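Undergrad:
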Amino acid sequence: MDKVYDLIVVGGGPAGYTTALYGARAGLDVVVLEKLSVGGQMALTHMIDNYPGYDEGIDGFDLGQKMRQGAARFGAATKMVQVLSAQLDAKVKAVHTDSGVFYGRAVVIATGAEPRKLGLPNEDALTGQGVHYCAACDGMFYRGKTVVLVGGGNSAAAEALVLSRVAKKVILIHRRDSLRAEKAASQAVERAENIEIRWNSQVIELLHDGKIRGVRLQDVTSGDQSEIHCDGVFISIGRVPATSLVKGQLTLDDAGYIVAGEDTKTNLSGVFAAGDVRTKAVRQIVTATADGASAAYAVERYLAGH
Numbered sequence: 669m670d671k672v673y674d675l676i677v678v679g680g681g682p683a684g685y686t687t688a689l690y691g692a693r694a695g696l697d698v699v700v701l702e703k704l705s706v707g708g709q710m711a712l713t714h715m716i717d718n719y720p721g722y723d724e725g726i727d728g729f730d731l732g733q734k735m736r737q738g739a740a741r742f743g744a745a746t747k748m749v750q751v752l753s754a755q756l757d758a759k760v761k762a763v764h765t766d767s768g769v770f771y772g773r774a775v776v777i778a779t780g781a782e783p784r785k786l787g788l789p790n791e792d793a794l795t796g797q798g799v800h801y802c803a804a805c806d807g808m809f810y811r812g813k814t815v816v817l818v819g820g821g822n823s824a825a826a827e828a829l830v831l832s833r834v835a836k837k838v839i840l841i842h843r844r845d846s847l848r849a850e851k852a853a854s855q856a857v858e859r860a861e862n863i864e865i866r867w868n869s870q871v872i873e874l875l876h877d878g879k880i881r882g883v884r885l886q887d888v889t890s891g892d893q894s895e896i897h898c899d900g901v902f903i904s905i906g907r908v909p910a911t912s913l914v915k916g917q918l919t920l921d922d923a924g925y926i927v928a929g930e931d932t933k934t935n936l937s938g939v940f941a942a943g944d945v946r947t948k949a950v951r952q953i954v955t956a957t958a959d960g961a962s963a964a965y966a967v968e969r970y971l972a973g974h
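FYI, my numbering numbers position 146 of the sequence shown as 814, with every residue one higher than the one before it.
#1: Could you tell me whether the Cβ atoms of VAL776 and ALA745 are closer together than 7 Å?
#2: Measuring CB to CB, does LEU752 end up less than 7 Å from VAL939?
#3: Could you say which of ASP922, GLY943 and ASN790 lies nearest to ILE880 if we only look at CA atoms?
#4: Consult DSSP for LEU831 and reduce its assignment to one of helix, strand or coil.
#5: Give me the Cβ distance between THR687 and ALA928, rounded to the nearest whole Å; I'm assuming they're in contact under 8 Å.
#6: Assign GLU861 to buried or exposed, taking buried as 16 or more other Cβ atoms, counted over all protein chains shown, within 10 Å of its Cβ.
#7: Does the distance from the C-beta atom of ALA653 to that of VAL967 stay below 7 Å?
#8: Count the other C-beta atoms from every protein chain shown that fall within 10 angstroms of the C-beta of THR779, then say buried if there are 16 or more, exposed otherwise.
#9: What are the boundary residues of the beta strand (DSSP E) that PRO783 is part of?
#10: Can the beta-carbon of VAL678 be found less than 7 Å from the beta-carbon of LEU701?
#11: Leaving out five residues before and five after ARG848 in sequence, what residues of the same chain have Cβ atoms less than 6 Å from its Cβ?
#12: So who's on the other strand from MET880, going by DSSP bridges?
#13: At the level of alpha carbons, what is the spacing between LEU936 and LEU696?
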């Protein structure tokens with residue numbers, strides 16, 4: 669058999685690299701498998717203002733690199749590979765990639781969750797250039813400006829209230845004639861003086877000149893179209909957990925997230941879930957790093973008993 673690592677971490681975001689840091693510092697032989705860019709979704713955020721220790725903020729890509737370097741300082745390796753499948757129910761787990769098979773005595777799944785997108789032309793290209801998916805992360809860039817928020821659930825209501833505290837005006841776009849958010853959240857949104865709600869509407873086009881300058885709306889009932897000027901667009905229509913790798917092996921909740929508590933343990937022995945990929949109430953960088961520390965501790969205890 670090829671080399672067997674103490675710990676394989678699938679995902680190179682804040683949860684993955686905190687797991688790797690704590691694990692390697694404890695003397696474990698750790699490898700991080702990441703498919704695209706160190707830092708995960710965090711790397712797409714131009715400026716992070718709510719991560720402790722950076723009083724002037726930090727670029728998400730730079731923070732990801734620092735996390736990787738911190739883990740590497742204690743010996744954690746990083747392999748840029750595409751994970752294709754995993755066999756997680758054996759004592760020695762096998763993770764199959766486009767560059768071969770990695771074996772480990774324990775595995776932490778830290779693959780994260782991606783914001784659900786509208787699927788409009790240029791949406792990807794405009795991400796970070798006026799299109800955003802996290803008010804807590806990027807809302808401060810729109811102090812005194814006008815923003816559009818797309819969504820109508822609990823997360824969208826919370827995002828609208830966050831934005832209302834910094835933006836001059838928030839225009840909430842919702843496909844239905846009432847919010848799907850809980851009653852208290854809906855009432856708070858409807859009471860806010862600087863939140864305008866456009867009911868029965870959907871965004872069909874992002875208007876831009878390299879940066880967002882507005883959106884085109886369509887009334888879902890009449891089909892009528894209109895344009896709204898805005899300085900930024902926030903999209904809050906849910907998230908998609910990256911759990912296709914573990915379906916059929918790990919227990920998932922109704923939304924597709926891995927069922928794992930604060931101890932990060934899953935239903936399989938020696939397999940743990942950390943960060944945005946697991947069932948939890950808050951998904952922020954700081955909560956992902958907290959999960960990473962908990963996961964590494966759980967892995968240490970598991971390996972000590974096996």
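Think of the CB as a built atom: it goes at the ideal place given N, C-alpha and C, for glycine as much as any other residue. Keep in mind it's a predicted model, so treat the numbers as computed, not measured.
TA: Working from what's here:
#1: no
#2: no
#3: ASN790
#4: helix
#5: Wrong, their Cβ atoms sit about 13 Å apart, outside the cutoff.
#6: It is exposed - the Cβ of GLU861 has fewer than 16 other Cβ atoms within 10 Å.
#7: The requested residue 653 does not occur in the structure, where the chain is confined to residues 669 to 974.
#8: Counting Cβ neighbours within 10 Å, THR779 comes out buried, since at least 16 surround it.
#9: 781 to 783
#10: yes
#11: GLY820 and GLY821
#12: At residue 880 the sequence reads Ile, which differs from the Met that was named. Note: ILE880 sits in a beta bridge opposite HIS876.
#13: 20 Å
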